[in-house]
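Please read the structure below before turning to the comments.
Chains as they are written, first to last, in the working numbering: chain W, 1 to 356; chain S, 1001 to 1227.
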């Protein structure tokens, strides 16, 4: 477990945060800008010396009322928004900067291994970091942090300074890290698609406070949280590849609440695929739709209704035993169909975003 | 014309060079921590300390020389100290000249260093800390290398400015051959004695030296140029 509690105030801003996080997987700190995500991350790193509170990472106390372990003595890795590579060092010397400073017995990863993971083979021979793309710089920065074999990896919006192409370039590496490294990661982001793609655990922040914390889907499927009002609201589903339909170039993804047909996924039968169904892509029918172009229809039960502005409502749907979907429809449709809590309906899924 | 430099001239040149070298080394050792502190502190003392360091830029060298003379003299606090330590009195010695020159040239070393340290982003230092570097380690492995242009500027200016001083030297060092008679004083002596040819040689030498020093600085270090 990671247990943190911090109080910090600046003129015009105050952070009061307490949270318990699983010491594995990726936790996303999500919220609008100014909500204190980065400040909280900096407190965890020890970069905010004036923060009061306590921090325990697994069995080590990094901060409490009496003690404050300086940043350089905390076994953490930190990836800043900008790559922040040292301009006076070569790529290799940048990578080795942290590696050289940890005792050999703490080293759990090899330079070659990390270079391979992050695809840096072509870059490591460079004399300088000048002229590299934003995506390349950030990959080097991530590798540099990993090479200190951190017990906790902190990432502060590592993709937000990058263009769409560089983001697409880096995301697969981050997913791979998730799979290959058992280091817990705390990942600050204000992009819900990134969070949905990477995170296992989600912490929502607003105005310096934590308003919710829980498993990714628990949070994404709640109607009472700000995430439900986002344009791209919608939980994720963990599915497995069931059948490939070569003729129509489709793949069927199964989960315990039903199955979804999506454009062909180049993955082996049985492999796990995380998909995201956005609320705005789910419409409701009270009788089984016929003659519809929509391939994916799931039986569902309404277990939450909440207004979304004057004209629309958000519905929460239970699919199968425990899976959740959101649906955003007009209030008029809701009234015409007489939708009420507990009602059995058909959820028509117009599109499914494959995210991992 | 006979040999360009007399043996007294050569001895003054050697003394000047020795003085400037010793002073530059001391100034780098002393000025670097002061500049670092001035560049990073949020303390109330930053203003007053910065102003004191900059004083020699605006004060007449004779004023600095006068107060240093008083302080190091038999009645001054520093004079008491050096006498108690058995070193004796420092005015009119090479050591006294070194101390006076350090004061006089301090801003020329501290200010370029401070400017160089100030532009190092806080982020670079934070990054080093997250990569397990202690504050001292960060200073040597990140801050100093990034401040290299400032370091070069500070060394050249500190050295050149010490070579070029006159008033302070005259107040503190007097005019003792091989001990305190530096080039600028020697030129003054030549002129007093109407030895214009000798004064020319030394003066022209100073002009060439100053030009070469600044040229080196601007060529190696275009971004470190003082504005």
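Don't be surprised by glycine CBs; every beta carbon is placed ideally from N, CA and C.
Quick check on residue i: does DSSP put it in helix, strand or coil?
i: residue 109 of chain W; result: coil
i: residue 99 of chain W; result: helix
i: residue 286 of chain W; result: coil
i: residue 1005 of chain S; result: coil
i: residue 1225 of chain S; result: Confidence in residue 1225 of chain S is poor, its pLDDT being 42 and thus under 50, which makes the residue's placement too unreliable to answer from.
i: residue 53 of chain W; result: strand
i: residue 349 of chain W; result: strand
i: residue 33 of chain W; result: coil
i: residue 1013 of chain S; result: helix
i: residue 1138 of chain S; result: helix
i: residue 192 of chain W; result: helix
i: residue 300 of chain W; result: strand
i: residue 128 of chain W; result: coil
i: residue 13 of chain W; result: strand
i: residue 201 of chain W; result: strand
i: residue 261 of chain W; result: strand
i: residue 379 of chain W; result: Past the edges of chain W, shown from 1 to 356, lies residue 379 of chain W, and the structure says nothing about it.
i: residue 77 of chain W; result: strand
i: residue 86 of chain W; result: coil
i: residue 1182 of chain S; result: coil
i: residue 308 of chain W; result: strand
Applying the 10 Å Cβ sphere with the 16-neighbour rule, what's the burial state of residue i?
i: residue 148 of chain W; result: buried
i: residue 219 of chain W; result: buried
i: residue 29 of chain W; result: buried
i: residue 37 of chain W; result: buried
i: residue 1123 of chain S; result: exposed
i: residue 1178 of chain S; result: exposed
i: residue 140 of chain W; result: buried
i: residue 1072 of chain S; result: buried
i: residue 62 of chain W; result: buried
i: residue 122 of chain W; result: exposed
i: residue 4 of chain W; result: buried
i: residue 39 of chain W; result: buried
i: residue 1001 of chain S; result: Residue confidence is low: residue 1001 of chain S scores 45 on pLDDT, short of 50, so the model does not pin down where it sits. Its coordinate-derived value is still stated next. Per the 10 Å Cβ criterion, exposed.
i: residue 167 of chain W; result: buried
i: residue 309 of chain W; result: exposed
i: residue 248 of chain W; result: exposed
i: residue 1196 of chain S; result: exposed
i: residue 1025 of chain S; result: exposed
Quick one: what's residue i bridged to in DSSP?
i: residue 69 of chain W; result: Paired residues: none, contrary to the question.
i: residue 364 of chain W; result: As displayed, chain W neither begins before 1 nor continues past 356, which places residue 364 of chain W out of reach and without an answer.
i: residue 187 of chain W; result: W/28 and W/155
i: residue 1087 of chain S; result: Answer is none; residue 1087 of chain S lacks a bridge partner.
i: residue 238 of chain W; result: W/274
i: residue 324 of chain W; result: W/318
Below 6 Å CB to CB, which residues in the same chain sit around residue i once its five sequence neighbours on both sides are set aside?
i: residue 1100 of chain S; result: 1068, 1168 and 1172
i: residue 1128 of chain S; result: 1138 and 1142
i: residue 315 of chain W; result: 302, 305 and 327
i: residue 1045 of chain S; result: none
i: residue 267 of chain W; result: 241
Who are the near neighbours of residue i in its chain, counting only those whose CB is closer than 8 Å to its CB and skipping five residues on each side?
i: residue 160 of chain W; result: 81, 189, 190 and 191
i: residue 172 of chain W; result: none
Answer yes or no: the CB of residue i versus the heavy atoms of the ligand COA, is any distance below 7 Å?
i: residue 81 of chain W; result: As presented, the structure is devoid of all ligands, the ligand COA included, so that no description of it is given.
Could you name the residues of the same chain whose beta carbon sits closer than 7 Å to that of residue i, not counting the 5 residues immediately before and after it, in chain order?
i: residue 1132 of chain S; result: none
i: residue 1227 of chain S; result: Here the model assigns residue 1227 of chain S a pLDDT of 36, short of 50, so the residue's position is not dependable and the matter cannot be decided.
i: residue 144 of chain W; result: 94, 95, 97 and 98
i: residue 1056 of chain S; result: 1064, 1103, 1104, 1106 and 1107
i: residue 120 of chain W; result: 139, 140 and 143
Item to complete: Could you name the residues of the stretch 182 to 214 of chain W whose beta carbon sits closer than 8 Å to any beta carbon of chain S, in the order they occur along the chain?
Response: If the cut-off is 8 Å between Cβ atoms, the stretch 182 to 214 of chain W has nothing near chain S.
Item to complete: Return the residues of the stretch 1026 to 1046 of chain S that lie within a Cβ-Cβ distance of less than 8 Å from chain W, sorted by chain order.
Response: Those would be none; no residue qualifies.
Worksheet item: According to a CB-to-CB cut-off of less than 8 Å, which residues of the stretch 94 to 107 of chain W neighbour chain S?
Response: For the stretch 94 to 107 of chain W, which is checked against every Cβ of chain S, the residues closer than 8 Å are 97, 98, 101 and 102.
Worksheet item: Looking at chain W, which residues of the stretch 1100 to 1119 of chain S have a Cβ within less than 7 Å of any of its Cβ atoms?
Response: Here the close residues number zero.
Worksheet item: In chain order, what residues of the stretch 1133 to 1153 of chain S put their CB closer than 7 Å to some CB of chain W?
Response: Cβ contacts with chain W: 1133, 1134, 1142, 1145 and 1146.
Worksheet item: Of all the residues that make up the stretch 1161 to 1186 of chain S, which are near chain W by a beta-carbon distance shorter than 9 Å?
Response: From the stretch 1161 to 1186 of chain S, no residue has a Cβ closer than 9 Å to chain W.
Discussion item. For the stretch 38 to 49 of chain W, list every residue whose C-beta sits within 9 Å of some C-beta in chain S, in sequence order.
Written reply: Cβ proximity to chain S below 9 Å picks out 42, 45, 46 and 47 from the stretch 38 to 49 of chain W.
Practice prompt. Could you run through the stretch 1074 to 1101 of chain S and flag, in chain order, every residue whose CB is less than 9 Å away from some CB of chain W?
Written response: Listed by position, the residues of the stretch 1074 to 1101 of chain S near chain W (Cβ gap below 9 Å) amount to none.
Worksheet item: Which residues, in chain order, does the stretch 50 to 73 of chain W contribute to contact with chain S at a C-beta distance below 7 Å?
Response: Listed by position along the chain: 71 and 72.
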